[in-house]
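Have a look at the structure below, then the notes.
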Amino acid sequence: MKSTDTCISQWRATFEDTKRKQLLFLHKLDELIQKNSPIPKKERDDFLNLLADSTFGLGTNEFSFWLNDGRVLRGNNFESFVRSLFYHESNTVDGDFFFKTLGRYKDFTVNIGELWMQVRNKCFDVFPEALAMSLRISKEREKREHSPGASLDEI
Amino acid sequence: MKYEDRLSFEGEKILKRIFKRDKAEGGVSVETVGPQGSGKTSFDLHIAMKIMKKYPDELIFYRDSIESPVQFNRIDNWRIYAEEGVTLKFRDYSTNRYFDLPVYTFKNFDELYDIAKPGLLNVVYFKKEYTWIDFLNYLRRHMHRGSGWKSVFLEEYEDISPQYAAGTGWTKNLIYSKNAKNIRKGLVSTFANTQSKGDVSHMVRSKLMIHSYLRGSTVDDNSPIDQRAIDKLDIGEAMIDYGSNFGKITFRAFPPRLPIFEVEKIVAIDKEEQDNDLKDRKIRRLEKKLERLEKILEKLELDSI
Numbered sequence: 011m012k013s014t015d016t017c018i019s020q021w022r023a024t025f026e027d028t029k030r031k032q033l034l035f036l037h038k039l040d041e042l043i044q045k046n047s048p049i050p051k052k053e054r055d056d057f058l059n060l061l062a063d064s065t066f067g068l069g070t071n072e073f074s075f076w077l078n079d080g081r082v083l084r085g086n087n088f089e090s091f092v093r094s095l096f097y098h099e100s101n102t103v104d105g106d107f108f109f110k111t112l113g114r115y116k117d118f119t120v121n122i123g124e125l126w127m128q129v130r131n132k133c134f135d136v137f138p139e140a141l142a143m144s145l146r147i148s149k150e151r152e153k154r155e156h157s158p159g160a161s162l163d164e165i
Numbered sequence: 014m015k016y017e018d019r020l021s022f023e024g025e026k027i028l029k030r031i032f033k034r035d036k037a038e039g040g041v042s043v044e045t046v047g048p049q050g051s052g053k054t055s056f057d058l059h060i061a062m063k064i065m066k067k068y069p070d071e072l073i074f075y076r077d078s079i080e081s082p083v084q085f086n087r088i089d090n091w092r093i094y095a096e097e098g099v100t101l102k103f104r105d106y107s108t109n110r111y112f113d114l115p116v117y118t119f120k121n122f123d124e125l126y127d128i129a130k131p132g133l134l135n136v137v138y139f140k141k142e143y144t145w146i147d148f149l150n151y152l153r154r155h156m157h158r159g160s161g162w163k164s165v166f167l168e169e170y171e172d173i174s175p176q177y178a179a180g181t182g183w184t185k186n187l188i189y190s191k192n193a194k195n196i197r198k199g200l201v202s203t204f205a206n207t208q209s210k211g212d213v214s215h216m217v218r219s220k221l222m223i224h225s226y227l228r229g230s231t232v233d234d235n236s237p238i239d240q241r242a243i244d245k246l247d248i249g250e251a252m253i254d255y256g257s258n259f260g261k262i263t264f265r266a267f268p269p270r271l272p273i274f275e276v277e278k279i280v281a282i283d284k285e286e287q288d289n290d291l292k293d294r295k296i297r298r299l300e301k302k303l304e305r306l307e308k309i310l311e312k313l314e315l316d317s318i
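Have a look at this one:
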């Protein structure tokens with residue numbers, strides 16, 4: 011498996027690593043939005059890795075995408091929804107959408123680009139949390155906290 | 014600044030305070046807590062060695078536990094003293110035979126203070142363990158030898174002031190706690206170590222200035238140090254607190270030296286003292302009986318009226 015970024019040498023991601031991964035993920039999403047295309051099979055692994063490295067699995071909460079024409083897509087788990095989108099192969103997605111104008115659920119088809127845009131917006135919620143977590147678990151922090159201690163011999 | 018990180022910097026500051034000899038500030042009282050094998054004795058002996066080198070005029074007294082391998086022989090210079098009436102026997106563990114070592118005997122504190130030699134570890138064995146408390150009191154009032162500064166190392170000091178002491182032991186604990194501040198002002202530095210903080214009288218512990226926690230120890234509730242910091246320590250490292258300041262220090266190990274031997278303390282029974290104790294007890298009992306009888310008499314008188 012080819013890594014998306016070779017800079018990560020440590021097994022624990024640092025703040026800088028996480029920031030870089032998040033930017034890369036956003037750029038890739040921008041491309042997908044422009045092209046309105048699903049993810050090619052070859053890049054699927056890279057996307058899965060990018061999602062894991064940039065969110066640390068923190069985006070598992072409920073979500074609701076507000077689309078055009080008063081359509082609302084609701085789900086229980088944002089990350090599982092995104093992962094399922096990675097496996098989608100056509101440009102359009104069929105789904106059971108809640109129509110705000112009608113006040114009920116109805117089958118509808120939506121362009122995948124529109125969903126990628128909503129995914130990107132939701133990522134803005136998750137990314138700061140992941141960055142904060144990377145600060146807590148990074149090796150730099152451990153190094154900063156490690157103290158050699160004053161030596162009794164040198165007093 | 015010698016150390017870049019704050020913990021080491023603060024640790025150095027506290028260590029410097031321990032080795033500071035300023036009459037205005039007085040001595041220090043340091044407590045070291047750590048389970049078996051965490052390096053309590055190494056830490057204390059290290060400090061003793063430092064004091065010997067830095068202040069060769071200073072008197073250093075050392076209390077070692079009995080009937081366990083001696084600790085003081087880890088360093089080169091030491092002398093053994095025993096109170097009159099105490100016979101010391103030295104048993105080598107490897108050969109299981111008794112051997113002789115020079116022991117200096119003394120009658121009272123005055124004599125001990127005079128024959129003790131500065132620049133080495135004066136290992137003292139008293140008849141009763143809590144005599145150390147009286148000796149500390151004595152030391153704070155005597156400064157006529159050398160520079161006047163004294164250091165006392167109390168190995169396993171829960172034997173001297175135990176938490177669950179009754180009678181005389183409890184009274185001695187109270188005396189120790191009341192005099193702790195004066196001991197410091199009397200140019201005496203005390204270095205006590207214990208395995209568990211719960212073993213030592215709370216009256217005494219609350220009066221000690223500096224606490225150092227070794228690997229595996231439990232931190233005090235009122236200490237500024239977090240328990241997690243102590244859990245991360247390695248052997249040869251310690252967290253040390255002084256009031257609200259705290260830091261980290263490191264020290265080398267002092268490996269035990271051969272031969273490994275123990276001291277057996279045989280105390281001659283003083284008949285006069287025993288008789289006095291018995292007399293005291295009898296008098297106390299009679300006094301209590303008298304009190305009771307008086308109360309009964311008072312009641313009877315009241316009833317008759």
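So the protein sequences, as listed, match chains P and U. Quick note, in the working numbering, the first sequence goes up one by one and the last residue is 165. Quick note, in the working numbering, the second sequence goes up one by one and the last residue is 318. The beta carbon of each residue, even a glycine, is placed where N, CA and C say it ideally should be.
Contact set between U:Y16 and chain P, taken where Cβ atoms lie within less than 7 angstroms: Mapped onto the second sequence, residue 16 of chain U falls at position 3. Chain P residues near U:Y16: A160.
Going by C-alpha distance, which of U:F139, U:E23 and U:F166 is nearest U:N206? The residue labelled residue 206 of chain U in the question sits at position 193 within the second sequence. Nearest option by C-alpha distance: U:F166.
Terminal residues of the beta strand (DSSP E) in which U:R110 lies: To locate residue 110 of chain U, count along the second sequence from 1; it is residue 97. Segment R110 to F112, the beta strand (DSSP E) holding U:R110.
Pull up the CB-CB distance for U:I238 and U:D254, whole angstroms please, since I reckon it's below 8 angstroms. Residue numbering aside, residue 238 of chain U sits at position 225 when the second sequence is read from its first letter. Residue numbering aside, residue 254 of chain U sits at position 241 when the second sequence is read from its first letter. Contact holds; Cβ gap of about 5 angstroms.
Pairwise C-alpha distance: P:H156 and U:Q49: Within the second sequence, numbered from 1, the residue matching residue 49 of chain U stands at position 36. Within the first sequence, numbered from 1, the residue matching residue 156 of chain P stands at position 146. Taking the straight line joining both Cα atoms gives about 25 angstroms.
U:G256 classed as buried or exposed, judged by whether at least 16 other C-beta atoms fall within 10 angstroms: As a first step, residue 256 of chain U is located in the second sequence; it is residue number 243 there, counting from the start. Classification for U:G256: exposed.
Identify the contact partners of P:S90 in chain U, using a Cβ-Cβ distance below 9 angstroms as the criterion. The residue you call residue 90 of chain P lines up with position 80 of the first sequence. Simply none; closest approach about 35 angstroms.
P:R84 to P:F91 span [Cα, whole Å]: Position 74 of the first sequence, counted from the first residue, corresponds to residue 84 of chain P. Position 81 of the first sequence, counted from the first residue, corresponds to residue 91 of chain P. For P:R84 and P:F91, the distance between alpha carbons rounds to 10 angstroms.
Would you mind sorting U:F148 into buried or exposed? The rule is 16 or more other CB atoms within 10 Å of its CB. Here residue 148 of chain U refers to the residue found at position 135 when the second sequence is read from its first residue. The Cβ neighbour count for U:F148, taken over all protein chains shown within 10 Å, is at least 16; the residue is labelled buried.
Hey, quick one: how far does the alpha helix (DSSP H) through U:K67 stretch, first residue to last? The sequence position of residue 67 of chain U within the second sequence is 54, counting from 1. U:K67 -> alpha helix (DSSP H) spans K53 to K67.
Around the C-beta of U:N186, are 16 or more other C-beta atoms found within 10 angstroms, so that it is buried, or is it exposed? By 1-based counting over the second sequence, the position of residue 186 of chain U is 173. Classification of U:N186: buried, given that the 10 Å Cβ count is 16 or more.
Buried or exposed (CB count within 10 angstroms, at least 16 for buried), P:N131: Taking the first residue of the first sequence as 1, we reach residue 131 of chain P at position 121. P:N131 comes out exposed.
Count the CB pairs spanning the region 96-108 of chain P and the region 26-39 of chain P that are closer than 8 angstroms, and state whether there are at least three. Counting Cβ pairs under 8 angstroms, fewer than three are found: no touch.
Using a beta-carbon distance cut-off of less than 7 angstroms, what residues from the region 45-61 of chain U approach chain P? Taking 7 angstroms as the cut-off between beta carbons, the residues of the region 45-61 of chain U near chain P are H59, in sequence order.
Just the C-alpha distance for U:K36 and U:D293, rounded to the nearest angstrom, thanks. In the second sequence, residue 36 of chain U corresponds to position 23, counting from 1. In the second sequence, residue 293 of chain U corresponds to position 280, counting from 1. Going by the C-alpha atoms only, they are around 43 angstroms apart.
contact_flag[the region 122-139 of chain U, the region 156-165 of chain P] where n(CB pairs < 8 angstroms) is 3 or more: Three or more beta-carbon pairs separated by less than 8 angstroms are not found between the region 122-139 of chain U and the region 156-165 of chain P, which leaves the two stretches without contact.
Starting from U:M222, trace the beta strand (DSSP E) both ways and give me its first and last residue. As a working mapping, residue 222 of chain U is identified with position 209 in the second sequence. In the DSSP assignment, U:M222 falls outside any beta strand (DSSP E) and carries neither an H nor an E.
I need the straight-line Cα distance from P:R65 to U:V43, nearest angstrom please. Translated into the one-based positions of the first sequence, residue 65 of chain P becomes position 55. Translated into the one-based positions of the second sequence, residue 43 of chain U becomes position 30. Position check: residue 65 of chain P holds Thr in this sequence, whereas Arg was assumed. For P:T65 and U:V43, the distance between alpha carbons rounds to 49 angstroms.
Quick one: using the 10 Å Cβ neighbour count with 16 as the cut-off for buried, is U:N109 buried or exposed? On the second sequence, position 96 is the one that residue 109 of chain U refers to. Burial state of U:N109 is exposed, judged by a 10 Å Cβ sphere holding fewer than 16 other Cβ atoms.
Less than 9 angstroms between the beta carbons of U:L200 and U:R153, yes or no? Taking the first residue of the second sequence as 1, we reach residue 200 of chain U at position 187. Taking the first residue of the second sequence as 1, we reach residue 153 of chain U at position 140. Yes, they are a contact pair.
At a CB-CB cut-off below 7 angstroms, which residues of chain P make contact with U:L28? Taking the second sequence and counting its residues from 1, one reaches residue 28 of chain U at position 15. The contacting residues are A160, L162 and I165.
If we define contact as Cβ-Cβ less than 9 angstroms, is P:S64 a contact residue for chain U? Counting from one through the first sequence, the residue named residue 64 of chain P turns up at place 54. It does not: the Cβ of P:S64 has no partner Cβ on chain U nearer than 9 angstroms.
What span of residues does the alpha helix (DSSP H) with U:Y117 cover, start to end? Position 104 of the second sequence, counted from the first residue, corresponds to residue 117 of chain U. Where U:Y117 is concerned, there is no enclosing alpha helix (DSSP H), although the beta strand (DSSP E) it sits in stretches over V116 to F119.
Distance between beta carbons of U:L58 and U:G260, contact taken as under 8 angstroms: Taking the first residue of the second sequence as 1, we reach residue 260 of chain U at position 247. Taking the first residue of the second sequence as 1, we reach residue 58 of chain U at position 45. Not really, about 21 angstroms apart at Cβ, beyond 8 angstroms.
Opposite U:M252 in the DSSP bridges: which residues? As a first step, residue 252 of chain U is located in the second sequence; it is residue number 239 there, counting from the start. Looking at the DSSP output, U:M252 shares a beta bridge with U:Y226 and U:K261.
If contact means a Cβ-Cβ distance below 7 angstroms, which residues of the region 245-266 of chain U contact chain P? Listed in chain order, the positions of the region 245-266 of chain U with a beta carbon within less than 7 angstroms of a beta carbon of chain P are E250, G260, K261, I262, T263, F264 and R265.
Quick one: does the C-beta of U:E25 sit closer than 8 angstroms to a heavy atom of the ligand NAD? Annotation note on the ligand NAD: not contained in the displayed structure, which lists no ligands.
Neighbour list for U:G24 in chain P, Cβ cutoff strictly below 7 angstroms: Residue 24 of chain U sits at position 11 when you count from the first residue of the second sequence. Correct list: G159 and A160.
Flag this pair as yes or no: are the beta carbons of U:S164 and U:L72 separated by less than 9 angstroms? In the second sequence, residue 164 of chain U corresponds to position 151, counting from 1. In the second sequence, residue 72 of chain U corresponds to position 59, counting from 1. Closer than 9 angstroms, so yes.
Spatial neighbours of P:D117 in its chain, beta-carbon cut-off 8 angstroms, leaving aside the 5 residues before and after: Residue 117 of chain P sits at position 107 when you count from the first residue of the first sequence. Only D104, G105, D106 and F107 meet the Cβ criterion.
Evaluate U:S145 with the Cβ neighbour count: other Cβ atoms within 10 Å of its Cβ, from every protein chain shown; 16 or more gives buried, anything less gives exposed. The sequence position of residue 145 of chain U within the second sequence is 132, counting from 1. The question names Ser, but residue 145 of chain U is Trp in the sequence shown. Its Cβ being crowded by 16 or more others within 10 Å, U:W145 is buried.
Whole-angstrom distance between U:R76 and U:Y117, CA atom to CA atom: Your numbering for residue 117 of chain U matches position 104 in the second sequence. Your numbering for residue 76 of chain U matches position 63 in the second sequence. One C-alpha to the other measures close to 15 angstroms.
What residue range does the alpha helix (DSSP H) around P:S94 cover? Numbered from its first residue, the first sequence carries residue 94 of chain P at position 84. Segment F88 to F96, the alpha helix (DSSP H) holding P:S94.
Since U:V137 contacts U:L125 with CB under 8 angstroms, what's their CB separation in whole angstroms? Your numbering for residue 137 of chain U matches position 124 in the second sequence. Your numbering for residue 125 of chain U matches position 112 in the second sequence. Sure, about 7 angstroms apart at Cβ, within 8 angstroms.
Kindly indicate which three-state DSSP category P:K116 falls into: helix, strand or coil? The residue given as residue 116 of chain P occupies position 106 in the first sequence. DSSP, read as helix, strand or coil, puts P:K116 in strand.
What's the call for U:E250, buried or exposed, on a 16-neighbour Cβ count within 10 Å? Taking the second sequence and counting its residues from 1, one reaches residue 250 of chain U at position 237. Around the beta carbon of U:E250, a 10 Å sphere encloses 16 or more other beta carbons of the protein chains shown; the residue is thus reported as buried.
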